[in-house]
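Chemist: Sequence positions in the sequence shown follow our numbering and run 96 to 214.
Just so you know, even glycine gets a beta-carbon here, dropped at the ideal spot from N, CA and C.
Here it is: the structure, laid out below.
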Amino acid sequence: MSSGDEAPAYHGLVSPRPSNVPALTPREGKDIPSFEEEANTHAKIELTLTFPEGDPIVKEFSLGDTVFTVKKFVHDTRDIPWKGMVAELEGKPMLDPLSLNDFKALKESKAATINIKLP
């Protein structure tokens, strides 16, 4: 190599980006939301929790809360056993590890009703 063709000196852990690979930069003129903004996990939703017997409970939750959190709230406030408790949205069971944000009907709403089914 002649002195003008020498590769740049490199002393880091990651090799420099080759000139034929485009740089990863934000799209010009567009704001790119953070994960939290896009997922809207901090937005609030008012849930009406209904039961086979007794009065419903109305409580505000965050869309980032999980179904497990809602069921724990029910367990703590109504002393309802975990075993067999099912939270249903629009007639379909909700899985414990999912967040409220994972349900389109909740993500696009300020209030909703969740039916608590007991064994």
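1. Compare the Cα-Cα distances from residue 222 to each of 162, 187, 213 and 136 and report the closest residue.
2. By how many angstroms is the C-alpha of residue 144 removed from the C-alpha of residue 171?
3. Nearest CA to the CA of residue 211: which residue from 156, 138, 137 and 175?
4. Is it right to say residue 206 is buried, meaning 16 or more other beta carbons lie within 10 angstroms of its own, or is it exposed?
5. Taking its Cβ as the centre, do 16 or more other Cβ atoms sit within 10 Å of residue 115, making it buried, or is it exposed?
6. Start and end of the alpha helix (DSSP H) containing residue 167?
Modeler: Quick answer:
1. Here the chain covers residues 96 to 214 and nothing more, so residue 222 does not appear.
2. 14 angstroms
3. 175
4. exposed
5. exposed
6. 162–173
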